[in-house]
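Residue 114 in the UniProt record's numbering sits at position 114 of the sequence shown, with consecutive numbering throughout.
Beta carbons: idealized from backbone N, C-alpha and C, even for Gly.
Please read all numbers here as calculations on a predicted model, not as lab measurements.
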Amino acid sequence: MPTKWKKDTALALLERGMILHASGAYKLSARDLSVAEKQLELLDIARDGAGQLGKYVFSDSSTKYKAPPSEKLVLNAYNLLNYLLQGDLSGARVEAKRFTVMHEYLTSYDQRGRPRAEGEADVVHPHGAFGSWLAGFVFERLGEHESALRYYDEALQARPFASLVGPVQRLSALAGYRSPRIDAVLGGMSYETAQAPSEVLVVVSVGRVPLKEARHMPIGAAIGLAHAYITGDSRVLERSALKMVVYPELVPSGSAFETAELRVDGQPVGLEIASDIQTEVIDEYEQMKPKIIGAAISRLIVRAAVAEGARAAGNSAKEGGAIIGLFAALAAEGALLAADRPDTRSWTLLPGLVLVARVPVQPGPHAATVVASGRGGSETRNYSFDVPAGGFVVLDVTTLR
Numbered sequence: 001m002p003t004k005w006k007k008d009t010a011l012a013l014l015e016r017g018m019i020l021h022a023s024g025a026y027k028l029s030a031r032d033l034s035v036a037e038k039q040l041e042l043l044d045i046a047r048d049g050a051g052q053l054g055k056y057v058f059s060d061s062s063t064k065y066k067a068p069p070s071e072k073l074v075l076n077a078y079n080l081l082n083y084l085l086q087g088d089l090s091g092a093r094v095e096a097k098r099f100t101v102m103h104e105y106l107t108s109y110d111q112r113g114r115p116r117a118e119g120e121a122d123v124v125h126p127h128g129a130f131g132s133w134l135a136g137f138v139f140e141r142l143g144e145h146e147s148a149l150r151y152y153d154e155a156l157q158a159r160p161f162a163s164l165v166g167p168v169q170r171l172s173a174l175a176g177y178r179s180p181r182i183d184a185v186l187g188g189m190s191y192e193t194a195q196a197p198s199e200v201l202v203v204v205s206v207g208r209v210p211l212k213e214a215r216h217m218p219i220g221a222a223i224g225l226a227h228a229y230i231t232g233d234s235r236v237l238e239r240s241a242l243k244m245v246v247y248p249e250l251v252p253s254g255s256a257f258e259t260a261e262l263r264v265d266g267q268p269v270g271l272e273i274a275s276d277i278q279t280e281v282i283d284e285y286e287q288m289k290p291k292i293i294g295a296a297i298s299r300l301i302v303r304a305a306v307a308e309g310a311r312a313a314g315n316s317a318k319e320g321g322a323i324i325g326l327f328a329a330l331a332a333e334g335a336l337l338a339a340d341r342p343d344t345r346s347w348t349l350l351p352g353l354v355l356v357a358r359v360p361v362q363p364g365p366h367a368a369t370v371v372a373s374g375r376g377g378s379e380t381r382n383y384s385f386d387v388p389a390g391g392f393v394v395l396d397v398t399t400l401r
């Protein structure tokens, strides 16, 4: 592990942690992700204004990496999965609690980035379904039925899960927690106490989230997009030689795989979307984009003002003042632009899509096949395993492409 922490050390641990996870080194992956989490700061898109966000985004990658909410919450979910894959329910329980802290923090803001008004209904952060689905399973297997139902309710708030119908019905006889979503699953029926079945839990992570690249946008279009977040008088840009705004933009990662199929003992089993991380990352960035563009324009205004000062000083020269002023202005703007590149760092190995399944089986030996597919072709993984009576086996497929 690192003994000296630099600006990108935590991000490097996130990348290595996913490589270790994909290769089946779950204990080492849990170590890397846990250490990285303690060092990561949150890029607070809800509370950070354009000035604060711009200060970070346009720092030429010189500051410590900050994780946006999409990365922070999914980090906890994958680490919870690391412990489950080791058969360590106690460790998974601890990670579930960490997930809850971040989930509750994020749900205190609505999707427009404003603090929730007093008395307003809870806002469900879209990134929470995967972690809530896993956490519910952990607490169900630990016999903490009330907590399990609450986590399943969180997952159902984000999207319907056919895989949770049986568990919710089973737990309803053991815990009193109810909500509109739990009631909808129960359908007005009462269920008798039933023992948890032997089952296989499958998690398939395919593709990768979009990457960030430095892009250019014409000044006019940029002002139209981000006018509410611009500080300074944009009229000063009329004499500026720089007519483009440089900013970080999301671009496709060129993922090879986009979906997957599952068979258990030769029979097809439906996989459900637990988290469409790729879409969530895009939506999150679109929320930040006007602030980022506004910050970029505000910095252009500062550059233009400096250039105007240089132009005025040059114009005062006795001979060739206008030419000297022009070149002085261009030099000033060029120097400031060269030192002001957008930060394009991100967690590049974060999967784009997470699919899940829970399959009740008879105790004993079983086989499973997972086929990941997409524009890059297909990849097949075969598994053989024994499921104990009343127990479970967790299978993970993470393609990283």
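When DSSP states are grouped into helix, strand and coil, S34 belongs to the helix group. Residue nearest to Y83 within the set K64, L33, Q287 and L43 is L33 (criterion: CA-CA distance).
Residue state for S163 is assigned as helix, using DSSP reduced to three classes. Scanning its chain for C-beta atoms nearer than 8 Å, with the 5 sequence neighbours on each side dropped, one finds around A214 the residues V246, Y247, P248, E249, R341, P342 and T344, in chain order.
Counting along the chain, V138 sits inside the alpha helix (DSSP H) bounded by residues A129 to R141.
Per DSSP, the unbroken alpha helix (DSSP H) holding E95 starts and ends at L89 to L106. With three or more CB-CB distances shorter than 8 Å, the segment 154-165 counts as touching the segment 127-136. Straight across, the Cα-Cα distance linking S163 with E192 is about 19 Å. Counting C-beta pairs closer than 8 Å gives fewer than three between the segment 267-284 and the segment 381-396, which falls short of the contact rule. Per DSSP, the unbroken alpha helix (DSSP H) holding P180 starts and ends at P180 to L186. Here E146 really is in contact with A175; their C-beta atoms are around 4 Å apart, less than 8 Å. Under DSSP, H216 takes part in a beta bridge, and its partners are V246.
When rounded, the separation of the alpha-carbon atoms in G391 and S373 is 30 Å.
Y65 is the residue among P365, Y65 and S198 whose C-alpha sits nearest the C-alpha of K6.
Contact between V185 and V165 is confirmed by a C-beta separation of about 6 Å, below the 8 Å threshold.
For R381, there is no enclosing alpha helix (DSSP H); the enclosing beta strand (DSSP E) has its first and last residue at G377 to V387. Pairing E199 with L171 gives a Cβ-Cβ distance that is not under 9 Å. Our two residues, L13 and G187, have alpha carbons roughly 46 Å apart in a direct line. Secondary structure of L271 (DSSP, three-state): coil.
If you draw a straight line from the Cα of L40 to the Cα of V209, it is about 19 Å long. By the Cβ-count criterion, E284 is buried, with 16 or more other Cβ atoms from all chains shown falling within 10 Å of its own Cβ.
Within the same chain, P210, L211 and E213 come within 7 Å of V251 by CB-CB distance, once the 5 residues on both sides are set aside. Between the segment 352-359 and the segment 265-272 there are three or more C-beta pairs closer than 8 Å, enough to call the two in contact. Residue pairing from DSSP places F392 in a beta bridge opposite E199.
Restricting attention to K289, P290, E15 and Q86, the CA atom closest to the CA of K27 is found in Q86.
When DSSP states are grouped into helix, strand and coil, P360 belongs to the strand group. Where R16 is concerned, the enclosing alpha helix (DSSP H) starts and stops at T9 to A22. Distance from the CA atom of E261 to the CA atom of V202, rounded to whole angstroms, is 11 Å. Between G24 and I219, the alpha-carbon positions lie close to 48 Å from each other. Per DSSP, the continuous alpha helix (DSSP H) segment holding R150 begins and ends at H145 to A158. By the neighbour-count criterion, in which 16 or more other beta carbons inside 10 Å mark a residue as buried, R178 falls on the exposed side.
Distance check between I297 and each of D183, G136 and A228 places A228 closest, using alpha-carbon atoms only.
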